[in-house]
Amino acid sequence: MSSRSTAVAAGATVPSGPTADAPPGRTAEEPPSDADLVRGLVAGDDVCLAAIHRRWAPMVHALAWRALGDAGEAEDVTQQVFLAVWRGRAGYRPGRGSVAGWIVGITRRRIADALSARTRRGELVAAAATALPDESAADRPEAVLDRVLVGRELARLPAPQQRVLRLAYYEDLTQLQIAERTGWPLGTVKSHARRGLHRLRCGLQRRTGPDPDRAAGS
43 MSSRSTAVAA GATVPSGPTA DAPPGRTAEE PPSDADLVRG LVAGDDVCLA
93 AIHRRWAPMV HALAWRALGD AGEAEDVTQQ VFLAVWRGRA GYRPGRGSVA
143 GWIVGITRRR IADALSARTR RGELVAAAAT ALPDESAADR PEAVLDRVLV
193 GRELARLPAP QQRVLRLAYY EDLTQLQIAE RTGWPLGTVK SHARRGLHRL
243 RCGLQRRTGP DPDRAAGS
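Counting in my numbering, the sequence shown runs from 43 upward without gaps.
Written out as structure tokens, the structure reads:
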């Protein structure tokens, strides 16, 4: 998040630094308790959100960095976690665990989403790669044509499959985010993604011809 402030939700900003006000009922010198912060958060107090961010953002970032090995992705996950904290504040139940445990649970889900996004990108690239000649980029002046073929085959997919793959590949959305964007059930999104990748692979193979090694072995 920005060194000065990061907007995490409409109407809610997470400032950093020691100048933020203390939650209601506390002086600036007296650290608020977790219970105080959660009460303020649930009530929609973005000062409490800022305090929660300062208290747990280092932990969230460290978990994400260790899992992903990429500082930029870890920063993105950290922002997503505190956006989820703000949006999901009404659903927090103290009886189910500590605030830290709640935030760690959100962090793990966002890390899983980030890893899933990597997998989806890899699957789409692999779907194209399995149907294209195995030559180095330097020896392939037709590489631009290959990309055109992929784009054309993607455009030939049924609209729902095309939409899911475009949202996943070009906008880097997780399947859960695609479900939220489209309003479709998560199972439907997964089905469109799976069928779309299969049709894309088959379409590319038809356009580029069979794999000679595969044909020789059949």
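The beta-carbon is built from N, C-alpha and C at its ideal position, and this holds for glycine as well.
Can you give the beta carbon distance from Leu207 to Thr149, rounded, assuming they're within the 8 Å contact cut?
-> Not confirmed; about 28 Å, so no contact.
Given Arg97 as reference, the closest of Pro136, Ala85, Arg160 and Val146 once Cα atoms are compared | Val146
Would you decide whether Glu195 is buried or exposed? Buried here means 16 or more other CB atoms lie within 10 Å of its CB.
-> buried
Closer than 7 Å by C-beta to Pro228: which residues in its own chain qualify, once you throw out the five before and the five after it? Chain order, please.
-> Sequence inspection shows Leu at residue 228; the Pro mentioned does not correspond to that position. Only Gln217, Leu218 and Ala221 meet the Cβ criterion.
Nearest candidate by alpha-carbon position, reference Ala132, set Gly245, Ala154, Pro74 and Leu83 | Out of Gly245, Ala154, Pro74 and Leu83, Leu83 has the C-alpha closest to the C-alpha of Ala132.
Neighbourhood of Gln17 by C-beta, 8 Å cutoff - its chain only, sequence neighbours within 5 removed = Any property of residue 17 remains undetermined from this structure, which presents the chain solely from 43 to 260.
Which of helix, strand or coil does DSSP assign to Tyr211?
-> helix
Contacts around Ala90, its chain only, beta-carbon distance under 6 Å, and the 5 residues preceding and following it disregarded = First, the amino acid is wrong: residue 90 is Cys here, not Ala. Hits under 6 Å: Pro65, Leu79, Gly82 and Leu83.
Between Gly130, Arg129 and His103, which lies nearest to Ala118 when the distance is taken from Cα to Cα?
-> Before going further, note that residue 118 is Asp rather than Ala in the sequence given. When each option's Cα is compared against that of Asp118, the closest is His103.
Measure the C-alpha to C-alpha separation of Ala142 and Val127 and round it to an integer number of angstroms.
-> In this structure, the CA atom of Ala142 is about 11 Å from the CA atom of Val127.
For the alpha helix (DSSP H) that contains Glu222, what are its first and last residues?
-> If you look at Glu222, you'll find it in the alpha helix (DSSP H) that goes Gln217 to Thr224.
Quick one: does Val80 have its CB under 8 Å from some CB of chain D?
-> Among the protein chains of the structure shown there is no chain D, as only one such chain exists.
Taking the alpha helix (DSSP H) that Ala132 falls in, what are its first and last residues?
-> No alpha helix (DSSP H) holds Ala132; DSSP gives it neither H nor E.
Nearest-angstrom Cα distance between Arg243 and Arg138?
-> 45 Å
Work out the CA separation of Arg108 and Asp87 for me, nearest whole Å.
-> 31 Å
Assuming Arg223 and Leu215 form a contact by the criterion Cβ under 8 Å, report the distance between their Cβ atoms to the nearest whole angstrom.
-> Yes, they are in contact, since the Cβ atoms of Arg223 and Leu215 sit about 7 Å apart, within 8 Å.
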